[in-house]
Amino acid sequence: MESFYKESIVLLEGAIANITAKLDIIRKYKIVKNDKDPIEYITSRVKSEESMKEKLVRKGFDVTLENALTKVYDAAGIRIICAYIDDVYEVVKMLKGYHDLKVVMEKDYIKNPKPNGYRSYHIIFELQLDLAGEIKPVYVEIQIRTIAMDFWSSLEHEMKYKKNIKNPELIAEELKRCASEIATTDLNMQTIKNMLNE
401 MESFYKESIV LLEGAIANIT AKLDIIRKYK IVKNDKDPIE YITSRVKSEE
451 SMKEKLVRKG FDVTLENALT KVYDAAGIRI ICAYIDDVYE VVKMLKGYHD
501 LKVVMEKDYI KNPKPNGYRS YHIIFELQLD LAGEIKPVYV EIQIRTIAMD
551 FWSSLEHEMK YKKNIKNPEL IAEELKRCAS EIATTDLNMQ TIKNMLNE
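Per this note's numbering, the very first residue in the sequence shown carries number 401; after that it's consecutive.
Spelled out as structure tokens, the structure:
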């Protein structure tokens with residue numbers, strides 16, 4: 401991986417650490433104020449060399465480090481898992497409150513699911529990292545979803561990359577049905593939570 405990203409691996413890891421630290425501060429502050437922490441857990445990764453090269457080719461870009469860092473915005477990725485739908489939007493609001501995070505793109509797949517049933521909130525930020533006086537822009541893709549959405553997404557991801565699947569159409573149909581059921585469950589859980597808080 402480092403052979404492809406070279407010294408830029410420091411930028412990507414630094415951007416992830418920067419945003420993760422921001423989230424950690426907010427979470428601690430909410431706890432101190434006796435507010436609910438909207439985040440269950442956070443995972444992150446730098447996209448593997450193989451996945452990045454494949455994506456560049458798929459998008460019609462030359463396989464270069466420059467294109468990986470400026471044309472494809474998910475070299476650095478963070479996934480935030482929440483218990484409830486309202487928590488997802490609370491996290492989005494929290495992140496947008498930072499003036500040094502510039503929104504490049506956002507897609508609400510919770511309100512507007514993909515045709516296959518995928519639900520999640522995607523937001524891409526640009527942040528400026530100061531490396532010994534040299535300012536470098538870095539992009540980070542953040543996916544925010546509920547526990548149930550994450551469970552579904554893991555299975556869908558496994559199916560997408562598994563070879564020689566029997567009955568792929570039937571499985572895709574079942575996954576879409578499950579996505580609808582999960583969305584209904586998420587809404588029901590949110591309603592129950594709201595009733596408890598009244």
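Every residue, glycine too, gets a C-beta built ideally from N, C-alpha and C.
Residue range 441-446 is occupied by the beta strand (DSSP E) that includes residue 444. Distance check between residue 590 and each of 459, 474 and 487 places 487 closest, using alpha-carbon atoms only. Shown here, residue 550 sits in a helix according to DSSP, grouped into three states. Look at the beta carbons and you see the segment 526-538 not touching the segment 489-496: under three pairs across the two are nearer than 8 Å. A direct Cα-Cα distance of roughly 15 Å separates residue 465 from residue 458. Cβ-Cβ distances below 6 Å link residue 506 to 523 in the same chain, with the five nearest sequence neighbours on each side left out; the list follows chain order.
Under the DSSP assignment, residue 480 falls outside any alpha helix (DSSP H), being part of the beta strand (DSSP E) whose first and last residues are 476-482. With a beta-carbon spacing of about 4 Å, residue 404 and residue 449 fall inside the 8 Å limit used to define contacts. Beta-bridge partners of residue 529 (DSSP): 536. Within 10 angstroms of the beta-carbon of residue 408 lie 16 or more other beta-carbons, which makes it buried. Each residue's CA atom was taken as its position, placing residue 512 and residue 554 some 19 Å apart. Nearest to residue 584 by C-alpha distance, out of 526, 529 and 510, is 510.
Comparing C-alpha distances from residue 422 to each of 481, 456, 451 and 499 shows the shortest one belongs to 499. Assignment of beta-bridge partners to residue 505 by DSSP yields 524.
For residue 543 against residue 479, the beta-carbon gap comes to about 5 Å, under 8 Å, which counts as contact. Residue range 408-432 is occupied by the alpha helix (DSSP H) that includes residue 422. Under the three-state reduction of DSSP, residue 519 is assigned to coil, being neither helix nor strand.
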